[in-house]
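Residues in the sequence shown are numbered from 1 upward in steps of one, following the working numbering.
Glycine is no exception: its CB is placed at the ideal position from the N, C-alpha and C atoms.
What follows is a single structure, written as structure tokens, with notes after it.
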Amino acid sequence: MYRNQKNQVRHLTKQEYVALKTLCRLSKNLYNATLYAIRQYYFTEKKYLRYESAYHALKDNENYKFLNTDIAQQTMKVVDRNFKSFFALISKAKQGDYKFSNIKLPHYLPKDGYFMLIIPRFTVKDGYFTVPMSNAFKKEFGTVNLPFPKNLDKKQVKEIRIIPKHNCKFFEIDFVYIQEQQTMQLNPNNALGIDLGLDNLATCVTNTGASFIVDGKKLKSINQWYNKENARLQSIKDKQGIKGLTNRQYRLLTKRNNRVNYYMNKTARIIVNYCIQNNIGNIVVGYNLDWKRNINIGSCNNQNFTQIPHGNLRVKMKSLCERYGINYVEQEESYTSQADFFANDTLPVYNADNPQEYNFRGKRISRGQYRTYQGTIINADCNGALNILRKSNLVDLRVLQARGCLNQPERIRVA
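Take a look at the structure:
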């Protein structure tokens with residue numbers, strides 16, 4: 001399976017920075033030139049200009065000649081893939097599986113923009129790899145040597161991407177490598193239900209009644225710190241009449257994104273490691289389509305909830321589950337926080353076109369507490385996680401329902 005490691009390019013000399021910036025501009029120019037050729041052919045012939053034909057039409061382009069051949073061809077192939085996706089959507093729309101109104105032709109990149117460099121072949125020497133470039137470019141701008149990660153085997157790395165960030169203020173480098181799947185022989189009759197939230201980032205309950213909560217208060221604190229500091233910088237910028245993001249705002253945003261990404265990586269690893277250690281072969285995550293759009297839980301909570309990338313966490317968990325052979329399921333979760341798990345309340349699916357009111361035997365008596373039909377007080381998010389698990393119909397939960405109670409959840413704080 002393919003994996004991806006992201007690093008930030010640091011300690012560039014001025015000459016190296018200018019060289020990378022110029023290469024990214026040339027890559028953007030070639031992207032737009034390729035896109036123009038394919039679009040014009042489509043407008044006149046109503047046919048798709050294949051990559052091979054586009055290559056022969058653009059191999060004499062000045063941007064193509066100034067770039068390394070491998071990088072130039074990879075840029076053109078990105079345009080080719082984008083147009084293939086465009087025609088695939090048209091085919092789906094003709095079959096009635098997609099709306100024609102949502103299909104748009106691939107757009108041009110901004111005239112003053114930049115595009116990534118995709119490097120399929122490279123050499124590593126003394127812990128550094130040299131960014132490929134044409135002889136003409138090398139004579140004018142010199143070479144660029146970037147560190148190669150010590151934890152990666154160069155034979156397993158299939159592609160390197162140098163990505164300009166924030167209008168080429170700095171660069172991010174992606175190493176795409178192959179990693180063997182480590183399939184674990186876990187019990188398919190065990191499952192972990194997960195209810196995603198804010199203060200309780202991930203409330204996890206198993207079909208045996210064991211439970212834990214990954215704390216989300218630190219993540220909320222990171223976002224609050226970012227919002228407060230960014231508002232202060234914004235007020236200074238407004239007084240000075242500066243438009244666009246400043247360098248300090250870029251650095252602040254990058255730091256915030258790095259901290260949030262680290263938190264999500266750790267959370268996903270905690271959950272998957274728990275499944276491996278406890279022989280759990282299924283993970284069920286509650287999810288509703290467009291659940292953050294038009295949300296109304298108070299202005300402060302709206303801001304905090306929408307800024308936490310739950311989708312990013314789901315992607316990371318899914319990737320780790322594929323690596324270890326754990327069955328990953330995303331389950332529609334409407335009414336799971338209202339229904340009583342132990343009363344086996346019906347779990348309907350919410351219909352926005354025809355909303356219905358349902359009566360449930362239990363009741364959520366406060367933000368964190370749920371009273372079951374028997375009068376037992378349990379954690380409200382644990383009740384939601386169990387209903388998500390019940391709605392998936394993956395495992396038998398009758399024994400746990402007959403028990404009538406849960407283990408007290410352990411709160412895990414991410415370091």
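Are there three or more Cβ pairs, one per stretch, closer than 8 Å when the segment 134 to 149 is compared with the segment 8 to 25? Verdict: yes, contact present.
In chain order, which continuous runs of the beta strand (DSSP E) of length 3 or greater are located wholly inside the segment 301 to 362? Within the segment 301 to 362, the complete beta strand (DSSP E) segments of 3 residues or longer fall at 327 to 332, listed in chain order.
Selection from Thr123, Leu186, Gln185, Gly127 that minimises the alpha carbon distance to glutamate 159: To locate residue 159, count along the sequence shown from 1; it is residue 159. The shortest Cα separation from glutamate 159 among Thr123, Leu186, Gln185, Gly127 belongs to Thr123.
Which residues bound the alpha helix (DSSP H) around phenylalanine 137? Here residue 137 corresponds to residue number 137 of the sequence shown, with the count starting at 1. That run of the alpha helix (DSSP H) goes 135 to 141.
Checking 9 Å against the spacing of the C-beta atoms, do tyrosine 128 and valine 157 come in under that value? In the sequence shown, the residue the question calls residue 128 occupies position 128. In the sequence shown, the residue the question calls residue 157 occupies position 157. Taking a C-beta distance under 9 Å as the contact criterion, tyrosine 128 and valine 157 do not qualify as a contact pair.
Ends of the alpha helix (DSSP H) at arginine 161? Within the sequence shown, numbered from 1, the residue matching residue 161 stands at position 161. Per DSSP, arginine 161 lies in no alpha helix (DSSP H); the unbroken beta strand (DSSP E) holding it starts and ends at 157 to 165.
According to DSSP, simplified to helix, strand and coil, what is isoleucine 297? Sequence index remark: in the sequence shown, residue 297 carries index 297 (1-based). Reliability fails at isoleucine 297, whose pLDDT of 48 lies under 50, so the model's placement of it is uncertain and the value that follows must be treated cautiously. Coil.
Would you call the segment 356 to 371 in contact with the segment 220 to 234, where contact means no fewer than 3 C-beta pairs closer than 8 Å? In short, these stretches do not touch, since the Cβ pair count stays below three.
Please work out which residues of its chain come closer than 8 Å, Cβ to Cβ, to lysine 220, disregarding the five sequence neighbours upstream and downstream, and give them in chain order. If you number the sequence shown from 1, residue 220 lands on position 220. Non-local beta-carbon contacts of lysine 220 in its own chain, meaning distances under 8 Å to residues more than five positions away in sequence, involve Leu198, Asp199, Asn304, Ile308 in chain order.
Do glycine 362 and tyrosine 373 have their CB atoms nearer than 9 Å? The residue given as residue 362 occupies position 362 in the sequence shown. The residue given as residue 373 occupies position 373 in the sequence shown. The answer is yes: Cβ separation under 9 Å.
Which value, in whole angstroms, describes the spacing of the CA atoms of methionine 116 and isoleucine 163? Sequence index remark: in the sequence shown, residue 116 carries index 116 (1-based). Sequence index remark: in the sequence shown, residue 163 carries index 163 (1-based). Between the C-alpha atoms of methionine 116 and isoleucine 163 there is a straight-line separation of about 4 Å.
Round the Cβ separation of glycine 193 and leucine 386 to the nearest angstrom and send it over; I've been treating them as touching at under 8 Å. Residue numbering aside, residue 193 sits at position 193 when the sequence shown is read from its first letter. Residue numbering aside, residue 386 sits at position 386 when the sequence shown is read from its first letter. Your pair glycine 193 and leucine 386 checks out as a contact, with CB atoms roughly 6 Å apart and the cut at 8 Å.
Please classify alanine 191: does DSSP put it in a helix, a strand, or coil? In the sequence shown, counting from the first residue as 1, residue 191 sits at position 191. In the structure shown, the three-state DSSP call for alanine 191 is strand.
Span of the alpha helix (DSSP H), counted from its first residue to its last, around tyrosine 388: Indexing the sequence shown from 1 puts residue 388 at position 388. The sequence given here has isoleucine at residue 388, not tyrosine. Per DSSP, isoleucine 388 belongs to the alpha helix (DSSP H) from 380 to 392.
Would DSSP call valine 18 helix, strand or coil? Mapped onto the sequence shown, residue 18 falls at position 18. DSSP, read as helix, strand or coil, puts valine 18 in helix.
Among Arg371, Ala268, Leu105, Met76, whose alpha-carbon lies nearest the alpha-carbon of leucine 30? What you label residue 30 is simply residue 30 of the sequence shown in a count that begins at 1. Comparing C-alpha distances from leucine 30 to each of Arg371, Ala268, Leu105, Met76 shows the shortest one belongs to Met76.
Measure the C-alpha to C-alpha separation of leucine 233 and leucine 394 and round it to an integer number of angstroms. Residue numbering aside, residue 233 sits at position 233 when the sequence shown is read from its first letter. Residue numbering aside, residue 394 sits at position 394 when the sequence shown is read from its first letter. Their Cα atoms are separated by approximately 50 Å.
Our contact map puts methionine 184 next to isoleucine 276 with C-beta atoms below 8 Å; I'd like the distance itself, whole angstroms only. Residue mapping note: residue 184 aligns to position 184 of the sequence shown, counting from 1. Residue mapping note: residue 276 aligns to position 276 of the sequence shown, counting from 1. That pair is a contact at about 6 Å.
Which of helix, strand or coil DSSP assigns to asparagine 145: In the sequence shown, counting from the first residue as 1, residue 145 sits at position 145. Strand, per DSSP.
Expected contact under 8 Å - CB spacing of glycine 286 and aspartate 195 to nearest Å: For this step, residue 286 is matched to residue 286 along the sequence shown. For this step, residue 195 is matched to residue 195 along the sequence shown. Contact holds; Cβ gap of about 5 Å.
Please report how far the alpha carbon of isoleucine 377 lies from the alpha carbon of arginine 259, in whole angstroms. Residue 377 sits at position 377 when you count from the first residue of the sequence shown. Residue 259 sits at position 259 when you count from the first residue of the sequence shown. In a straight line, the C-alpha of isoleucine 377 is about 36 Å away from that of arginine 259.
If distances are taken between C-alpha atoms only, which option among Asn407, Asn7, Tyr263, Gln5 comes closest to threonine 208? The residue given as residue 208 occupies position 208 in the sequence shown. If we check each option's Cα against that of threonine 208, Asn407 comes out closest.
Tell me the DSSP secondary structure of serine 211 in three-state form. For the purposes of this step, residue 211 is taken as residue 211 along the sequence shown, with counting starting at 1. Here serine 211 sits in strand by DSSP.
CB-CB under 6 Å to methionine 133, same chain, minus the five flanking residues each way: which ones, in chain order? Indexing the sequence shown from 1 puts residue 133 at position 133. These residues qualify, in order along the chain: Asn68.
Alpha carbon of alanine 57 to alpha carbon of arginine 39, nearest angstrom: Here residue 57 refers to the residue found at position 57 of the sequence shown. Here residue 39 refers to the residue found at position 39 of the sequence shown. Spanning the alpha carbons of alanine 57 and arginine 39 requires a straight line of approximately 13 Å.
What does threonine 130 pair with, by DSSP beta-bridge criteria? Here residue 130 refers to the residue found at position 130 when the sequence shown is read from its first residue. DSSP output for threonine 130 lists Asn145 as bridge partner(s).
Between which two residues does the alpha helix (DSSP H) holding isoleucine 119 run? As a position in the sequence shown, residue 119 is number 119, starting the count at 1. Looking at the DSSP string, isoleucine 119 is not in any alpha helix (DSSP H); the run it does join, the beta strand (DSSP E), is 117 to 119.
For valine 205, which residues does DSSP report across the bridge? Locating residue 205 in the sequence shown gives position 205, counting from the first residue. For valine 205, the beta-bridge partners assigned by DSSP are Gly193, Ser211.
By how many angstroms is the C-alpha of arginine 25 removed from the C-alpha of asparagine 261? Stepping through the sequence shown from its first residue, residue 261 is reached at position 261. Stepping through the sequence shown from its first residue, residue 25 is reached at position 25. Asparagine 261 and arginine 25: Cα-Cα distance of roughly 28 Å.
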